[in-house]
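The structure appears below as C-alpha cells.
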Amino acid sequence: MRITHPAEQRVSATPNAVMTTLASPTLSATADLSVWRVAMSAGQQGPHHLFDVEQVWVVLAGEPTVAGDGAEERLAPGDAVTFPAGVQRRITAGADDVEFLVCGAGRGRAVPIADEGTPGEPVLPPWVA
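This note's numbering puts the sequence shown at residues 86 to 214.
Printed below as a string of C-alpha cells:
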C-alpha cells in the first residue's frame, strides 16, 4: 500500500487547465496506472490533441463540451467518457468551471494536433527522462 498525500501530488498548470497527479508510476509506484484531476476555468479550451493510450474522463463538476472522433457532446457531472488510444479530442469548459477525474496508463504521451490535422511530436512531462 502506498498513500500519496496532497503535499506530494504533482501540479502542472497550463494556460488551458491545472492538472494534479494523484497517482502514477513516478509518483506513487503504480505499475502502469495514472490518476489525475483536471480543473478548467469557465471559457477555457484545451488544445486539439490525442493520447497514445486509452483514458477515462469522469466529470466531477460543470458541464464541459467534449469533441472527439468526429462527434461533440455536452457532458454533466457523473458522466464518463472513454477515449481509445489515438482518438483526437478537444475539451471546452463552457460557461462554468469544470473538474474531471482522469485515469489512464502511466506511460501515456500526449500528441498535439496542428490546425490542419497533422499530429506533432509527443509531449513528455518534464519529470520523464
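Here a beta-carbon is modelled for each residue, glycine too, at the ideal position from N, C-alpha and C. Fair warning: this is a prediction, and the values are worked out from it, not measured in the lab.
Using the beta-carbon count (16 or more within 10 Å), is M125 buried or exposed?
buried
Which term fits P91, buried or exposed, when burial requires 16 or more other beta carbons within 10 angstroms of its beta carbon?
exposed
Contact set for V172: own chain, Cβ-Cβ below 7 Å, skip 5 residues either direction:
L135, G153 and D154
Going by beta-carbon coordinates alone, are L186 and V96 separated by less than 8 Å?
no
Nearest-angstrom Cα distance between A98 and R192?
20 Å
Please determine, among A165, E201 and T89, the residue with the shortest C-alpha to C-alpha distance to T111.
T89
According to DSSP, is E28 helix, strand or coil?
No answer is possible for residue 28: the residues shown for the chain start at 86 and end at 214.
Which of the three DSSP states is assigned to V141 in this structure?
strand
Look up T99 in the DSSP assignment and say whether it is helix, strand or coil.
coil
Quick check on this structure: which residue in A108, P100 and V144 has the alpha carbon closest to the alpha carbon of M86?
A108
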